[in-house]
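Participant: Heads up: take any position in the sequence shown, counting from 1, add 2, and you land on the working numbering.
Quick one: structure below, then a few questions.
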Amino acid sequence: MRKTALSFSVLLAVAIAVAGFAGPSVPAKDKPKAEELVTKHLDALGTVEARAALKSLNVEGNLLTKFLRGGSGTAGGPFTMVSTGHKILMEAKFDLSTYPGESYAFDGEKKTIGYVLPGQRSQLEDFLNYNGEVLAEGLIGGTLSTAWPLYDWQTRNARLDVTA
């Protein structure tokens, strides 16, 4: 009987310790509001005045891709992303005959998805072709694009939820 009581005590102590690691739940009144989080996010990118003056963004650099499925190795080359308002154009070029690059764009109304080879899309191009809202909503490119939805989330009627 004593061994069972000791085991129960140890089990109870472990359960209390684990519950303590889980941390206290945050009362609903203490949760940050979505508006506060977006404001902090935007302020980290620049002042209200600087963001208001931003009309277009051009990102250029070298892109390195690593093949994990369907082969192995890497490819690199120039990358360009140009955005103005909700319009965006992205292009990557590689010196590979089997994978010369990627291209996709959204002109504010319709998407244009390139072909990695004639009649054949890459996995990313195929994904964007079937999930055009990723381009239309400005989710690709993140804060490096003027199409980033949080720049004007209120006029876009975005719904934001905070869970924690």
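Note that CB positions come from ideal geometry on N, CA and C, so glycine has one too.
1. Can the beta-carbon of residue 40 be found closer than 8 Å to that of residue 152?
2. Going by beta carbon distance, what residues of the same chain come within less than 8 Å of residue 1, once the five residues before and after it are set aside?
3. Is the CB-CB distance between residue 106 and residue 130 below 8 Å?
4. Taking the beta carbon of residue 88 as the centre, do at least 16 other beta carbons fall within 10 Å, making it buried, or is it exposed?
5. Closest to residue 44 by CA distance: which of 104, 145, 164, 159 is it?
6. Residue 132 to residue 109, Cα distance in whole Å?
7. What is the residue span of the alpha helix (DSSP H) that residue 113 lies within?
Facilitator: Taking the structure as given:
1. Translated into positions along the sequence shown, residue 40 becomes position 38. Translated into positions along the sequence shown, residue 152 becomes position 150. Yes, the pair counts as a contact, with Cβ atoms nearer than the cut-off.
2. Residue 1 is absent from the model: the chain starts at 3 and stops at 166.
3. Taking the first residue of the sequence shown as 1, we reach residue 106 at position 104. Taking the first residue of the sequence shown as 1, we reach residue 130 at position 128. Contact flag set, yes.
4. To locate residue 88, count along the sequence shown from 1; it is residue 86. With 16 or more other Cβ atoms within 10 Å, it is buried.
5. Start at 1 with the first residue of the sequence shown, and residue 44 comes out as number 42. Residue 145 is the option with its Cα nearest to residue 44.
6. Within the sequence shown, the letter at position 130 stands for residue 132. Within the sequence shown, the letter at position 107 stands for residue 109. When rounded, the distance between both Cα atoms is 17 Å.
7. Translated into the one-based positions of the sequence shown, residue 113 becomes position 111. Segment 113 to 115 is the beta strand (DSSP E) holding residue 113; no alpha helix (DSSP H) there.
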